[in-house]
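Each residue of the sequence shown is one higher than the last, beginning at -6 in my numbering.
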Amino acid sequence: ASITFDVITQITPAFDCGSSVVVDYLGAGHAGGFSNTPRGRAVTFQVGPGGCDSTVQCPGPLAPEFLPQRGFWYNALRPGNGLDVHFAPFEAGLGIYSAWYTARSNHLPIWYYLQTLGGDQLLNDQVRTALLKFTLNGDIVSTAPTFEVIGSAKFSFIGQSRALMTWRINGSTGGEIIEFFDLDAGPVDDTLTDQYYNPAESGWGIGLHRQGDQEFSAIYFYDVNGEPSWTVVVSDGAVLANDGDAALGSFKAHCPGCVWTPAQILLGGTMSRTLNPDGTSVLDAMDVLIEGEVNIDWERTNLPLIQILPE
-6 ASITFDVITQ
4 ITPAFDCGSS
14 VVVDYLGAGH
24 AGGFSNTPRG
34 RAVTFQVGPG
44 GCDSTVQCPG
54 PLAPEFLPQR
64 GFWYNALRPG
74 NGLDVHFAPF
84 EAGLGIYSAW
94 YTARSNHLPI
104 WYYLQTLGGD
114 QLLNDQVRTA
124 LLKFTLNGDI
134 VSTAPTFEVI
144 GSAKFSFIGQ
154 SRALMTWRIN
164 GSTGGEIIEF
174 FDLDAGPVDD
184 TLTDQYYNPA
194 ESGWGIGLHR
204 QGDQEFSAIY
214 FYDVNGEPSW
224 TVVVSDGAVL
234 ANDGDAALGS
244 FKAHCPGCVW
254 TPAQILLGGT
264 MSRTLNPDGT
274 SVLDAMDVLI
284 EGEVNIDWER
294 TNLPLIQILP
304 E
């Protein structure tokens, strides 16, 4: 099928009159998937004739038309992985930080971290992030994880609860339409919904999404080989009490751009925590032991946690 559409383009004052602007075709997202072929330059145009005068009509960047929902997002037609989306003031303006809970090509779990860097910011309902892969070469108590930039991602928000997410990972491109993981008819609890971590063990953490009487949590950390892995709290979604153990499970899921296959859950852990109404938290105990294709041995006790960006 084909479609005709208009594209509104902003030209920054850095462009000289007569400069060429190239618009590349990244891909097209739709409900059933994403197409990134054909690739190449779709449009090339010139900014005015040579020797013209330029006038700045917009004195500064436009404020976002809306602020997207914070919390977990996913592709409802391809469940099994997703990401928690949060906004924070960065050097250039309002940006994003997020953990992307996904899988490798062999379906084993992996997480990437997405964060706006440099001059990127939420502008015209779009934001670009660096795509970081973390590795732990030692014990988390005495060794700081290292990271490498393996690509980038871009969010084009269609509304508060819907977006086209595109990415480039090690030179390969892809994308999909994602939506807000709406847990409850009530509003998101902005005081509690965030990522939690311990400053002395930076490099792993817990993403928590509280909405109405429902809650969803995912934990990003490392397997026995120091490679990034993750689990989720397995429950019926009801808000967890501050006593007792919650079951944890790891997932074998589909990788970015891969053919979708139903996720397989691998149970093997428990977590208990104390979460206060003001957002302060203590990880009372976490014990994950999964052996086989997914090989995790992760234990933590009596660990104070703070939010990355307290409300």
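A virtual CB, placed ideally from N, CA and C, is assigned to each residue, including glycine.
Nearest-angstrom Cα distance between Pro255 and Gly73? 7 Å
Taking 8 Å as the threshold, find out whether the region 224 to 234 comes into contact with the region 200 to 215 through three or more Cβ pairs. yes
Which of helix, strand or coil does DSSP assign to Glu169? strand
Which residues bound the beta strand (DSSP E) around Pro249? Element bounds for Pro249: n/a, residue is neither H nor E.
Would Ala96 and Lys245 be called neighbours here (beta carbons separated by less than 8 Å)? yes
In or out: Leu201 buried (at least 16 other Cβ within 10 Å) or exposed? buried
Quick one: what does DSSP say Leu141 is sitting in, helix, strand or coil? The amino acid at residue 141 is misidentified as Leu; the sequence shows Glu. Strand.
I need the DSSP call for Pro192, collapsed to helix, strand or coil. helix
Which first and last residues belong to the beta strand (DSSP E) in which Ala81 is found? 75 to 82
For the pair the region 14 to 22 and the region 147 to 166, tell me if three or more CB-CB distances fall below 8 Å. yes
Start-end ranges of the beta strand (DSSP E) lying completely within the region 195 to 233, minimum 3 residues: 198 to 204, 207 to 215, 221 to 227
Please classify Glu169 as buried or exposed, where buried requires at least 16 neighbouring CB atoms within 10 angstroms. buried
DSSP on Leu19, reduced to helix/strand/coil? coil
Can you give me the C-alpha to C-alpha distance between Glu220 and Ile212, rounded to a whole angstrom? 14 Å
Does DSSP put Pro297 in a helix, in a strand, or in coil? strand
I'd like to confirm the pairing. Which residues does DSSP put opposite Leu124 in its beta bridges? Leu107, Gly144
Could you check how far apart the C-beta atoms of Val181 and Arg63 are, in whole angstroms? I think they sit under 8 Å. 6 Å
Is the region 270 to 287 touching the region 118 to 138 in the sense that three or more CB pairs, one from each, lie closer than 8 Å? no
Between Phe8 and the ligand GTP, is the CB less than 7 Å from at least one heavy atom? Absence of the ligand GTP is noted for the structure shown, with no ligands found whatsoever.
Could you check if Ile(-4) is buried or exposed, using at least 16 other CB atoms within 10 Å of its CB as the buried criterion? exposed
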